[in-house]
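Residues 1 to 290 (my numbering) are what the sequence shown spells out, left to right.
Built from N, CA and C at the ideal position, the CB exists for glycine as well.
Worksheet: the structure to be examined is printed underneath.
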Amino acid sequence: MTIDHETSPAEHADFAPQEAWDAIATGYAEHVAPGEQSLSAAALRLVGLSPGERFLDVAAGPGGLGLAAARLGATVLATDWAPQMVTQFESRARSEGLSEASAAVMDAHALDLEDDRFDVTGSQFGVMLVPDQALALREMVRVTRPGGRVLLVAYGPPAEFEVLQVFIRALQAVAPGFEGLPDPPPLEFQVSDPDVLRERLVAAGLRDVQVDTTQQERLELATGQELWDWMLFSNPITAIILDDVGVSEADRATMRAVVESVVRERAEGSGVAVLTSPLNIGWGRKGDLR
Ligand SMILES: C[S@@+](CC[C@H](N)C(=O)[O-])C[C@H]1O[C@@H](n2cnc3c(N)ncnc32)[C@H](O)[C@@H]1O
């Protein structure tokens, strides 16, 4: 599979518009976000976020890095282009009494924020998937203070993304002609090669760039329903593909049975199925002189 870095979003058949993210915001907060907490905390440890630092979360969804940063005692601004995601963030922060966390609607390509404002700027599974990633990374660097850090958490190779592979297997059970991911693959995988991630962070103006490939996203699932919900609510692309392929209600029931059987097999003995996906976590420092 080749990755075409020059393809525009319109040419990516599975590009999800802002409304599609709004539509899954409640489900994302309920079924996806809770499983990300330890990963977000680990990513913030890599950049050494300290209590009292100013942290910006870009394409924050209902909270990934931003909530973890606020729990650590940072002053947090979470931004996302989907108003319903911002509402979910605010509600989760309020319920935890995180008074130093606020949120605003903003496109990652044009942050409505002054230069040099944050000690650390991060994005987990957000700037990973935007169509003009170079621009969004430059924006993250622009709003970070000289000497501050910029962090990107992104998916590694799709072939090792176990949930995706289970989804493809379930879809092929009802649509045997479905060949898997398109070529080029969805924007979600534009920095699945750690060398590409490193190059892009350097091109955005960062120094001392490092990319960690040892962390995994680890989903612990007790039932097939949990895995099905994760597939449907983690990204609008799932529903877009089901529509594109013309999957009927009866087909969905068949797909869910496949998903259920995978969870049962994998959970045998422990009662919990663990599905992993490799990650590329990159970070760097904004130079003192510009
Ligand atoms: C997979 S979710 C990740 C959410 C969160 N960062 C997390 O770790 O759970 C992707 C998020 O990116 C947001 N997003 C997509 N394109 C965006 C853009 N151009 N500007 C800002 N947010 C965007 C979506 O609304 C969604 O909340």
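What does the Cβ neighbour count give for residue i, buried or exposed, with the cut at 16 atoms within 10 Å?
i      : result
Thr2   : In this prediction, Thr2 scores a pLDDT of 30, lower than 50, which makes its location untrustworthy; no coordinate-derived value is stated.
Arg290 : With a pLDDT of 49 at Arg290, under the threshold of 50, the modelled position of this residue cannot be trusted, and the question is left open.
Pro62  : buried
Asp119 : buried
Glu139 : buried
Ser192 : buried
Arg207 : exposed
Pro51  : exposed
Arg92  : buried
Ala305 : Outside the modelled stretch of the chain, which goes from 1 to 290, sits residue 305, for which no answer is possible.
Gly246 : exposed
Gly66  : buried
Asp57  : buried
Val127 : buried
Gly156 : buried
Thr121 : buried
Pro17  : exposed
Arg297 : For the chain, the structure presents residues 1 to 290; residue 297 sits outside this window and is missing.
Ala110 : exposed
Thr276 : exposed
Val130 : buried
Ser40  : buried
Ser248 : exposed
Gly282 : buried
Ala10  : Reliability fails at Ala10, whose pLDDT of 42 lies under 50, so the model's placement of it is uncertain and the value that follows must be treated cautiously. Counting Cβ neighbours within 10 Å, Ala10 comes out exposed, since fewer than 16 surround it.
Ser234 : buried
If you follow the beta strand (DSSP E) that residue i is part of, which residue opens it and which one closes it?
i      : result
Ser248 : Run containing Ser248: none; DSSP gives neither H nor E here.
Pro184 : Careful: Pro184 lies outside any beta strand (DSSP E) and carries neither H nor E.
Asp57  : 54-58
Val76  : 75-80
Ser91  : Counting along the chain, Ser91 falls outside any beta strand (DSSP E), though it belongs to the alpha helix (DSSP H) covering 83-95.
Trp210 : With the sequence shown as reference, residue 210 is identified as Gln, and Trp is not the correct amino acid for it. First-last of the beta strand (DSSP E) with Gln210: 206-212.
Leu221 : 216-221
In terms of residues, what are the limits of the alpha helix (DSSP H) holding residue i?
i      : result
Val163 : 162-174
Ser123 : Premise fails: Ser123 lies in the beta strand (DSSP E), 118-124, not in any alpha helix (DSSP H).
Ser192 : That residue, Ser192, is in no alpha helix (DSSP H); it is neither H nor E in DSSP.
Leu227 : 224-233
Val70  : A small fix is needed here, since residue 70 is Ala in this sequence, not Val. Counting along the chain, the alpha helix (DSSP H) containing Ala70 begins and ends at 64-72.
Secondary structure at residue i, three-state DSSP: helix, strand or coil?
i      : result
Ser277 : strand
Asp244 : helix
Pro17  : coil
Gly27  : helix
Trp283 : strand
Ser99  : coil
Val32  : helix
Gly269 : coil
Ala110 : coil
Val47  : coil
Pro9   : With a pLDDT of only 46 at Pro9, under 50, the local geometry of the prediction cannot be trusted, and the value read off the model is given with reservation. Helix at Pro9.
Could one say the Cβ of residue i lies closer than 8 angstroms to chain B's Cβ atoms, at least one of them?
i      : result
Val130 : No chain B is present in this structure, which holds just one protein chain.
With a cut-off of 8 angstroms, do at least 3 Cβ pairs link the stretch 87-101 to the stretch 38-51? no
Those runs of the beta strand (DSSP E) which lie wholly inside the stretch 125-151 and span at least 3 residues: none
Would you be able to state if there are at least three C-beta pairs under 8 angstroms between the stretch 202-215 and the stretch 223-242? no
Is there contact between the stretch 254-268 and the stretch 208-216, where contact requires at least three CB pairs shorter than 8 angstroms? no
Does the stretch 154-171 touch the stretch 179-192, meaning 3 or more C-beta pairs lie closer than 8 angstroms? Contact between the stretch 179-192 and the stretch 154-171 is present: 3 or more CB-CB pairs across the two stretches fall below 8 angstroms.
Check whether the stretch 132-147 and the stretch 23-41 touch, using three or more Cβ-Cβ pairs below 8 angstroms as the test. No, the stretch 132-147 is not in contact with the stretch 23-41.
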